[in-house]
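Notes to accompany the following structure.
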Amino acid sequence: IVLHTDSQYVRQGITEWMPGWVRKQWKTASGAPVKNRELWERLNAAIAQHEIDWRWVKGHAGNPDNERVDVLARDEAIKVRDGVAVH
């Protein structure tokens with residue numbers, strides 16, 4: 126699976142930092158708890174069964190696929206805010 130993200134934080138979190146976080150019981154290199162641990166754990170479980178090539182794309186740079194995903198994400202965030210069921 127090739128997965129594109131415009132978030133360096135997510136890409137680096139998955140590819141560089143998460144293995145260390147797991148080894149250190151979800152602590153950062155400085156010993157602080159990993160922020161948003163629950164979300165990272167869910168993502169880690171979701172990707173465990175797959176081989177993923179994480180690729181970064183510049184956000185808001187005219188990439189049609191990235192622009193479309195931004196619209197979809199915004200629409201879903203509005204549904205969550207408004208209490209509409211999200212699948």
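Residues in the sequence shown are numbered consecutively from 126, following my numbering. Using N, Cα and C, we set each Cβ at its ideal position, and we do this for glycine too.
G184 is positioned such that its CB atom lies closer than 8 angstroms to that of D131. Two segments are said to touch when three or more pairs of C-beta atoms, one from each, lie closer than 8 angstroms; by this definition the stretch 191 to 199 does not touch the stretch 137 to 152. Bridge partners of H129 according to DSSP: R180. The C-beta of I126 has fewer than 16 other C-beta atoms within 10 Å across all chains shown, which makes the residue exposed. Annotation for D178: V127 place their beta carbon closer than 6 angstroms to its own, counting only its chain and skipping 5 residues before and after.
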